[in-house]
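Under this note's numbering, the first residue of the first sequence carries the number 41, and numbering increases by one thereafter.
Ideal Cβ positions, reconstructed from N, Cα and C, are used throughout, including at glycine.
Treat the numbers as computed from the prediction; the structure is a model and nothing was measured.
Report on the following structure.
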Amino acid sequence: MRMAHLFGRTLREAPGDVELPSHRLMLRSGMVRPLGAGIYSLLPLGFRTVTKVEQIIREEINAIGGQEMMMPVVHPADVWRESGRYDAVGSEMTRFKDRGDRDMVLAMTHEEVVADLARQEINSYRQLPQLVYHIQTKWRDEPRARGGLIRVREFTMKDSYSLDLDEAGLDVQYRNHWRAYERIFRRCGLGFVVVGADTGMMGGSASHEFMALSDYGEDIVLICPNGDYAANQEVALFRREAAGTEAPRPMAEVETPNTTTIQKLAEYLEIPVAKTAKAVFFIGESGAFIFAVIRGDMDVNETKLRKATGERTLTPATAEQIKAIGAEPGYGSPVGVRNCVVVADESVRDTPNLVAGANKVGYHYVDTNLGRDWQADVVADIASAVAEMPCPHCGAALTAERAIEVGNIFKLGSRYSAMFGATYLDADGQSKPILMGSYGIGSGRVTATIVEQHHDDKGIIWPASVAPYHVSLVSIFTESDPAPAQACDRLYDEMLAAGIEVLYDDRAERAGVKFNDADLIGCPVRLSVSARTLANGQAEIKARTSPEAIFVPLDEAIPTVRRMIAEAMAPLNGDPIS
RNA sequence: CGGGGAGUAGCGCAGCCCGGUUAGCGCGCAGCGUUCGGGACGCUGAGGCCGGAGGUUCGAAUCCUCUCUCCCCGACCA
């Protein structure tokens, strides 16, 4: 491609309000342009890169038996009613009516369509297993799009769906995807960890997320330094200390003025925060008042609390609602409250003699004990794991890292097939539900995440596997001496003929402009020819990752470039790095 | 949805508090000349109903009301 004709120009300055490196660099390099909040056009350079990411995905999913297909973006609401998600999903799903006044939706995902197809196409165990996938536009009206291409409303996603006879078959597909995803992200040059995750709105029995570590990630993952454990903070476990052995002391009320926070209370009583009980109040979707109690040094994990209570959503309770159950904001404790579901974290059960609120302003109880002074309806793990907590397997201190979710895999089981009547007849003539799995990768998000992990202060440093072009060919010439441009024209033609992907900067720009743009766009190899190199019959070659350039005779330029590309590609073959 | 910030030329910004000639600056863009290996210089020029609608006023980019959009933090979220 000749840059003089390339649609989309580089920008010296990015709009002032962009924050993420990937967003700024993709804007500046002319890869993407915004159309609205969370809605982007891919310019030719960006489209080429995303297409390469998608091709890698395609190859690896094909390799595990995937059959590519295409499912619609617009769905009749009926299929979403059939799964129950038409009502379960909120305004994140865009609904509208067609001209015949029929309810329609813009697809956020395609489990419903696959389940509908499965019940039409699959009758017999002889037809299973199956794996289908598509790379399709999705629309999710996120409450808040952010971070350039990391979190958008319209995006392209590869999602595959497995259909199986039984759990063993589903296991195989799940593990196949796990391996395929590892290969995909390695081929893209992404550093990532696989973590256990919450199944969220998808439902189902198991889920893992592929997380790319990044300072700008929206998720937090906890990782054992020994490699024994990694999990999204939403579900992360940690090893609990042994139960305290201190003998219970009688509960007593003490005056504690102006101690509405755990911190102030601990300071006032001169005790560690771990000797206090913290009360957190929610209203569940069912309307039940959820009274969560946890030791003062820990925080309630809402995902775990939802699971422990069976509530799908939790909203913070208001002061009036808190008083209505006999508690007092700032001085709340489970001692003597009514009409609520008390959920105690294991830490509260295992730590004797905690200081808890007295449910009246300015007073706390000291030496409260679960089971004696108050009862819990549920005792469960509802604590958030944080850095430094012990690994649940080996006890080593966990680290916490921010990460971007670039892919996920779900075992859906019969969640959808049962509701859709997607069944098959087994060898004994028994009708059984097809077991499903779903597996997603956002190709735009992967691309942006690659930029997050591969850039410097000058621009993007593309892994060769996904670079829009492998070579930036830079001609440095003046009107009075067009010889370098003519030499570059020849090199360009030869590279095209040799099948080398080359972006030829043939513009009448000064050297500095061209070098800076080449660094910004970030192709792995830069080949330049100027009057100076030509005087020695040479071309200059520089890897984007290297500060040093080398000079080679003109006729060795293309073989050298080819070798450098091959070297840059070699580690990106998808195999584990030993 | 809550909190904060911003909409003035393609991009980055000033002007607004304290209303008053043709609304500025840098970059970019077009032409000419000089220059030519890390974002050159000079001259000339094009480009803006100051986000939109109402209002106050002799007069509004500037003051008031409403509204739309974008960004950031939070809530939310495969």
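Between the stretch 455-464 and the stretch 411-419 there are fewer than three inter-stretch CB-CB distances shorter than 8 Å, so the stretches are not counted as touching. Taking C-beta atoms as the reference points, GLU360 and LYS400 fail to come closer than 8 Å. Of the residues PRO524, ALA575, PRO564, HIS494, the one whose Cα lies closest to the Cα of LEU60 is HIS494. Between THR600 and ILE617, the C-beta gap is not smaller than 8 Å, which leaves the two residues out of contact. In this structure, the alpha-carbon of LEU168 lies about 15 Å from that of GLY469. Counting other Cβ atoms within 10 Å of its Cβ, PHE136 stays below 16 and is therefore classed as exposed. As summarised for the stretch 328-363, the continuous beta strand (DSSP E) elements at least 3 residues long and confined to that stretch are 329-335, 354-356, given in chain order.
Only exposed fits ASN379, as fewer than 16 other CB atoms lie within 10 angstroms of its CB. Under the three-state reduction of DSSP, MET476 is assigned to strand. Residues VAL506 of the same chain have their beta carbon placed closer than 6 Å to that of LYS92, with the five preceding and five following residues left out of the count. For GLY236, the enclosing beta strand (DSSP E) starts and ends at 233-236.
By DSSP's assignment, ARG42 forms a beta bridge with TYR544.
In its chain, beyond the 5 residues on either side, GLU274, VAL275, THR343 have a beta carbon closer than 6 Å to the beta carbon of ASP238. SER520 and VAL486 have their C-alpha atoms spaced approximately 45 Å apart.
Here MET110 is exposed. Its C-beta has fewer than 16 other C-beta atoms within 10 Å. Residue pairing by DSSP puts TRP179 in a beta bridge opposite GLU194. Every unbroken stretch of the alpha helix (DSSP H) spanning 4 or more residues and falling wholly within the stretch 267-333 is given here in chain order: 302-309. Within a 10 Å sphere around the beta-carbon of ARG226 sit 16 or more other beta-carbons, which makes this residue buried. Separation of TYR479 and VAL114 (C-alpha to C-alpha, rounded to the nearest whole angstrom) is 20 Å. Between VAL294 and TYR403, the gap from beta carbon to beta carbon is short of 8 Å. Setting aside the 5 residues that flank it on each side, MET429 is surrounded in the same chain by PHE278, LEU438, each with a C-beta closer than 6 Å to its C-beta; the list follows chain order. Here DSSP, grouped into helix, strand and coil, assigns LYS498 to coil. Runs of the beta strand (DSSP E) lying entirely within the stretch 406-481, each at least 3 residues long, are 418-420, 439-453, 463-465, 471-473 in chain order. Closest in C-alpha terms to TYR532, from the list TYR509, ALA551, ARG550, THR518, comes TYR509.
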